[in-house]
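Colleague: Numbering (the numbering used here), first residue to last: 1 to 255.
Where is the CB? At the ideal position from N, CA and C, for every residue including glycine.
Since this is a predicted model, take the numbers as computed values, not measurements.
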Amino acid sequence: MEDNMNNNKMRRVNENRFVGGLIIIGIGVVLLADKMGVAFPQWLLTWPMLLIVIGIFKGFKSNFRSFGWLILVAVGGIFLWDNIVPGVDLKKFVVPIILIAVGLLYIFKPKSKWRENRERCREQWRQRHQGAVDTSWEESSPLNDDHLDIKSVFSGLKRTVLSKSFKGGRISCVFGGVELNLSQADIQGNAILRLEEVFGGIKLVVPPNWTIKNEIEGVFHGVDDERNNQSQVDPNKVLVLQGSAVFAGIEIRSY
């Protein structure tokens, strides 16, 4: 009987490896075709679509018996819908959907398995996060762009901005990290920086005299302004943080 269990386990591992390999090959083929000029729908090459693929793969690995994969698919689907159908803003539903899903997890998942999976997820996140910080941080040359568009998916990125008329931009962070150094930049009036985070972390280094206005919506997230002296902030230099964060953190510092 033990041999049968081992054989079933090995067969399941091989199946997961085969499906995972097919997914990676499929993504590679799509990216290669895109580089060769093949026209794809714009939404197909976005991080929400990647989140959906990861969710489906996680569901396959667990025989779709857990709810974790549904959270990834739901979050990716909401952001993807906004890309496909302009003018329909479903991002405002991210928080209630995540809360409902987490509530279902607490109700229907056995406590022992919940604790075991929670600890395993924490350990996996710790290893992934440490790996990103130690080995995979990618730093580019300083930027003079007034607008930013940064995407970090399973990676760590460092960017330095030197623009003296910074207007803001967008940062998308999925299972990754971004460190944005704005300490040598300047803004005139308001600058809007839109952050979209899912299981990620963003560190913002800003001048000490900037006013930070937090309009981030999210669940299981945190926005920590750790600047030492905020008594000399200039009300005419305002960095507005908008967007959403799911299981993510934002850290604000000044040098």
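Report yes if the C-beta distance between K164 and H147 is below 7 Å; otherwise report no.
Modeller: In this structure, the beta-carbon distance from K164 to H147 does not fall below 7 Å.
Colleague: According to DSSP, is I56 helix, strand or coil?
Modeller: helix
Colleague: Give the DSSP-derived three-state secondary structure of G218 in the structure shown.
Modeller: It is a strand residue.
Colleague: According to DSSP, is G21 part of a helix, a strand, or is it coil?
Modeller: helix
Colleague: Which residues in the same chain have their Cβ closer than 6 Å to the Cβ of K203, if we skip the five residues on either side of it in sequence?
Modeller: Only E179 and E251 meet the Cβ criterion.
Colleague: I need the straight-line Cα distance from S254 to I212, nearest angstrom please.
Modeller: Rounded to the nearest whole angstrom, the C-alpha separation of S254 and I212 is 12 Å.
Colleague: Can you name the residues that DSSP bridges to I192?
Modeller: G168 and V240
Colleague: Kindly indicate if chain D contains any beta-carbon less than 7 Å away from that of A245.
Modeller: In the structure shown, chain D does not exist; there is a single protein chain.
Colleague: Could you round the C-beta distance between L45 and D34 to whole angstroms and report it? I think they count as a contact, below 8 Å.
Modeller: 6 Å
Colleague: If you check the beta carbons only, do L241 and I216 fall under 7 Å apart?
Modeller: yes
Colleague: Using CA coordinates, which residue listed in K237, I24 and M36 is at the minimum distance from Q188?
Modeller: K237
Colleague: For R159, is the classification buried or exposed, using 16 other Cβ atoms within 10 angstroms of its Cβ as the cut-off for buried?
Modeller: buried
Colleague: Let me check understanding here. Comparing Cα to Cα, which of P207, G28, G59 and G156 lies closest to D225?
Modeller: P207
Colleague: Identify, in the order they occur along the chain, each residue of the same chain with its Cβ nearer than 7 Å to the Cβ of G59, setting aside the five sequence neighbours on each side.
Modeller: W69
Colleague: Quick one: grab the DSSP three-state call for N228.
Modeller: coil
Colleague: Assuming L51 contacts G26 under a Cβ cut-off of 8 Å, what Cβ separation, rounded to an integer in Å, is found between them?
Modeller: Not confirmed; about 15 Å, so no contact.
Colleague: Cα separation between F154 and G201?
Modeller: 11 Å
Colleague: Which residue comes first and which comes last in the beta strand (DSSP E) that contains S152?
Modeller: H147 to V153
Colleague: Got a sec? Which residues, its chain only, sit under 8 Å from L162 by beta carbon, not counting five neighbours each side?
Modeller: P142, L143, N144, Q184 and A185
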